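Positions in the sequence shown are counted from 1; adding 1240 to them yields my numbering.
Note that beta-carbon positions come from the ideal geometry of N, C-alpha and C, so glycine has one too.
None of these values were measured; they are calculated from a predicted model.
Remarks on the structure that follows.
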Amino acid sequence: MADLSINPVSISQSNLKGPDNFSSGVSNNNKDFSKTVTDALDTVAEMQSASGEIKTKYEMGQENDLAKVMLKSQVSGLAFDLTLNVRNKVLSAYKDIMSMPV
């Protein structure tokens, strides 16, 4: 029978991040925000492209695994929905900021 014991976890103070660990400036090793957004959009576009390709292969009889086709379709759909929701939240935050009195 497998060993199902639970091992205790210790948290040391060095692993905790507090306000002292934050820097006031932007570090140079972090990616730019626009680069991060562009990379995310490219990934979603690649997922949708792969989903379209595998659907076409299935329709032409080159792919026999319907579960694989449906999984790719669902993953690309979820990625698109997530992207749409993030866009809506960003637009909402932008509108809130722009409506603030100066």
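Shown here, LYS1271 sits in coil according to DSSP, grouped into three states, outside any helix or strand. When the Cα atoms are used, ILE1337 and LEU1331 turn out to be separated by approximately 10 Å. Comparing alpha carbon positions, the residue from LYS1308, MET1300, ALA1280 and ASN1304 closest to LEU1322 is ALA1280. Around the CB of LYS1275, fewer than 16 other CB atoms lie within 10 Å, so the residue is classed as exposed.
Taking all protein chains shown into account, SER1339 has fewer than 16 neighbouring C-beta atoms within 10 Å of its C-beta and is therefore exposed.
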